[in-house]
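Working notes, beginning with the structure itself.
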Amino acid sequence: MSLKFGVLGLLAEEPLHGYDVKNRFESLLGGSWEVNFGQVYMTLQRLERDGLIEADGERGDRRKLAYRLTASGRKTLDDWLSRPESEPQQLREEIYLKLLLSTRLADGRLDDLLMAQRRVYLQRLKDLAEFEQAARREGRDDLVLLFKGAILHTEADLKWTDACADEIRNSNRKGVEET
Amino acid sequence: MTRLVELSDVRKLYDGGAKYPALNGVSLGVERGEFLAVMGPSGSGKSTLLNLVAGLDRPTSGQVLVDGRDLGRAGEAELARYRRSGVGFVFQFFNLLGSLTVLENVVVAAQLAGSGTAAARQRARELLAQLGIADQAARYPARLSGGQQQRVAIARALVNRPLLLLADEPTGALDSRSGEQVMELLVELNRGGQTVLLVTHDAKLAARHARRVVSLVDGKVADDVVLQASTASAAELVRVRVEEVVG
Chain W
8 MSLKFGVLGL LAEEPLHGYD VKNRFESLLG GSWEVNFGQV YMTLQRLERD
58 GLIEADGERG DRRKLAYRLT ASGRKTLDDW LSRPESEPQQ LREEIYLKLL
108 LSTRLADGRL DDLLMAQRRV YLQRLKDLAE FEQAARREGR DDLVLLFKGA
158 ILHTEADLKW TDACADEIRN SNRKGVEET
Chain S
69 MTRLVELSDV RKLYDGGAKY PALNGVSLGV ERGEFLAVMG PSGSGKSTLL
119 NLVAGLDRPT SGQVLVDGRD LGRAGEAELA RYRRSGVGFV FQFFNLLGSL
169 TVLENVVVAA QLAGSGTAAA RQRARELLAQ LGIADQAARY PARLSGGQQQ
219 RVAIARALVN RPLLLLADEP TGALDSRSGE QVMELLVELN RGGQTVLLVT
269 HDAKLAARHA RRVVSLVDGK VADDVVLQAS TASAAELVRV RVEEVVG
């Protein structure tokens with residue numbers, strides 16, 4: 008997610024001070040990300056430079072300056088909202104690298120590695136499901152969706168781990184049969 | 069007290085000389101009051117495991133003890149008695165008798181186990197009430213939703229107060245909402261002391277509802293893990309990646 012569009016989205020609701028932007032952003036993401044005030048401040052400056060937002064009212068003490076969306080900012084936000092995501096899938100899991108390297112080193116730690124990883128995913132599924140339920144109880148539908156997404160990703164990670172184990176077992180079996 | 073279920077080095081080879089045994093040296097204990105999920109891909113041996121614990125099949129070697137009863141050595145009559153009242157089954161498909169009402173479906177299971185009609189009817193009504201379908205008692209299964217039919221199946225499984233409730237993909241034929249309700253029901257029954265053995269290929273279901281998850285691969289126990297109560301914060305579980313600054 009881009010902080011730029013997050014900020015534009017919040018300002019589309021009402022003019023806000025930098026500090027409010029930071030707080031609202033954090034609450035929007037249910038504490039799943041802590042925003043650094045410097046980042047917000049710099050983003051606001053650049054959005055203003057690009058004419059996407061402007062000062063709402065008198066420009067006095069910078070800290071107290073509230074911003075609102077300009078027409079151009081609104082258009083940029085709308086364009087972004089209506090565009091489906093088509094970025095390449097990012098596989099940044101450390102486990103993937105470990106697995107590749109362990110396979111190369113062929114030191115027999117693959118099963119243990121995968122099984123330990125599998126346990127982490129199972130526990131995570133349980134934890135995420137609890138958070139999803141809590142969010143549902145609190146009527147935070149937006150967070151329900153966030154956790155649901157995380158659950159589906161974790162399920163995929165688990166399936167991938169199982170598929171890796173399966174591949175490794177099959178190739179071991181083939182190796183045994185060939186010798 | 070001994071464990072409710074104790075499998076020791078169980079092997080199961082099916083006739084026809086399959087290359088690999090369906091179960092290959094499985095040792096597994098289930099405590100009374102546990103909620104255990106058995107996971108694994110198709111062909112991993114989970115159905116075989118379930119059939120052995122259910123007394124529907126016998127091990128080729130090794131021992132299957134349930135409540136101290138050696139199912140591999142039990143006579144047919146004893147096994148039949150065990151199947152009628154020692155275990156309750158819940159399947160993916162509800163297997164209700166379409167020509168009987170909801171109440172009769174539950175009552176019949178109790179009568180088959182030797183219960184008198186009056187006692188059976190009372191027990192059945194209690195269970196239907198407990199499962200939230202008392203008002204459906206006089207209807208026929210076909211008129212019920214999938215979730216309601218599965219509740220009837222659960223009532224039928226529980227009517228003889230089984231030692232062990234076996235659930236084989238119990239949400240497989242349900243939409244996610246009904247499935248969730250059925251799982252909540254199983255969790256509630258477990259809180260009341262009912263031992264539950266759930267077989268599923270659904271990791272989310274297993275992790276979410278069972279405390280212990282056993283994974284079978286190629287007829288062997290590949291993993292056996294007790295999940296902990298969560299202490300993680302949301303931020304430790306999900307992090308929405310935000311690009312640092314605008315270019």
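Just so you know, the protein sequences line up as chains W and S, in that order.
Residue 73 in the working numbering sits at position 66 of the first sequence, and the numbers go up by one each step.
Residue 177 in the working numbering sits at position 109 of the second sequence, and the numbers go up by one each step.
Note that beta-carbon positions come from the ideal geometry of N, C-alpha and C, so glycine has one too.
The structure presented is a predicted model; accordingly, all values stated were derived computationally and were not measured.
Spell out whether any CB of chain S is found under 8 Å from the CB atom of residue i.
i: L153 of chain W; result: yes
i: R81 of chain W; result: no
i: F44 of chain W; result: no
i: E55 of chain W; result: no
i: L117 of chain W; result: no
i: I60 of chain W; result: no
i: Q96 of chain W; result: no
i: G182 of chain W; result: no
Rounded to the nearest angstrom, what separates residue i and residue j at their Cα positions?
i: D57 of chain W; j: N43 of chain W; result: 21 Å
i: G111 of chain S; j: L284 of chain S; result: 9 Å
i: F12 of chain W; j: V250 of chain S; result: 41 Å
i: A142 of chain W; j: K155 of chain W; result: 10 Å
i: G130 of chain S; j: V151 of chain W; result: 47 Å
i: R90 of chain W; j: L76 of chain W; result: 20 Å
i: R224 of chain S; j: V255 of chain S; result: 17 Å
i: A205 of chain S; j: Q198 of chain S; result: 12 Å
i: A221 of chain S; j: L84 of chain W; result: 52 Å
i: V9 of chain S; j: D86 of chain W; result: The shown model of chain S, from 69 to 315, leaves out residue 9 of chain S, and the question about it has no answer.
i: V308 of chain S; j: K82 of chain W; result: 24 Å
i: A177 of chain S; j: V227 of chain S; result: 7 Å
i: Y74 of chain W; j: Q46 of chain W; result: 16 Å
i: L234 of chain S; j: L88 of chain W; result: 48 Å
i: L107 of chain W; j: H160 of chain W; result: 21 Å
i: A274 of chain S; j: M49 of chain W; result: 45 Å
i: L121 of chain W; j: V282 of chain S; result: 15 Å
i: E94 of chain W; j: A148 of chain S; result: 59 Å
i: P230 of chain S; j: D135 of chain S; result: 11 Å
i: K133 of chain W; j: T185 of chain S; result: 43 Å
i: A105 of chain S; j: T168 of chain W; result: 19 Å
Cα-Cα, which of the options is closest to residue i?
i: E168 of chain S; options: S:R207, S:Y82, S:A241 and S:L81; result: Position check: residue 168 of chain S holds Leu in this sequence, whereas Glu was assumed. Nearest C-alpha to L168 of chain S: S:R207.
i: E74 of chain S; options: S:G113, S:A105, S:L120 and S:G108; result: S:L120
i: S153 of chain S; options: S:A271, S:L180, S:A192 and S:A142; result: S:L180
i: G80 of chain W; options: W:E174, W:R180, W:L15 and W:T161; result: W:L15
i: K166 of chain W; options: S:K272, S:A122 and S:S298; result: S:K272
i: F162 of chain S; options: S:A274, S:F103, S:V282 and S:G214; result: S:G214
i: L135 of chain W; options: S:R71, S:T268, S:Y82 and S:A300; result: S:A300
i: S95 of chain S; options: S:E102, S:P127 and S:K87; result: S:P127
i: E99 of chain S; options: S:D286, S:P238 and S:L232; result: S:L232
With DSSP as the reference, label residue i as helix, strand or coil.
i: I60 of chain W; result: strand
i: Y82 of chain S; result: coil
i: V42 of chain W; result: coil
i: Y103 of chain W; result: helix
i: V282 of chain S; result: strand
i: H24 of chain W; result: strand
i: Y74 of chain W; result: strand
i: A235 of chain S; result: strand
i: A290 of chain S; result: strand
i: A241 of chain S; result: coil
i: T50 of chain W; result: helix
i: T185 of chain S; result: helix
i: D77 of chain S; result: strand
i: T268 of chain S; result: strand
i: A302 of chain S; result: helix
Check the Cβ-Cβ distances between residue i and every residue of chain W, and say whether any is below 8 Å.
i: L305 of chain S; result: yes
i: V308 of chain S; result: yes
i: R276 of chain S; result: yes
i: Q190 of chain S; result: no
i: T232 of chain S; result: In the sequence under discussion, the amino acid at residue 232 of chain S is Leu, which differs from the Thr named in the question. False, the Cβ-Cβ gap to chain W never drops below 8 Å.
i: A290 of chain S; result: yes
i: A148 of chain S; result: no
i: L295 of chain S; result: yes
Worksheet entry | Uninterrupted alpha helix (DSSP H) stretches inside the region 109–167 of chain S (no shorter than 4 residues) | 114–121 and 144–153
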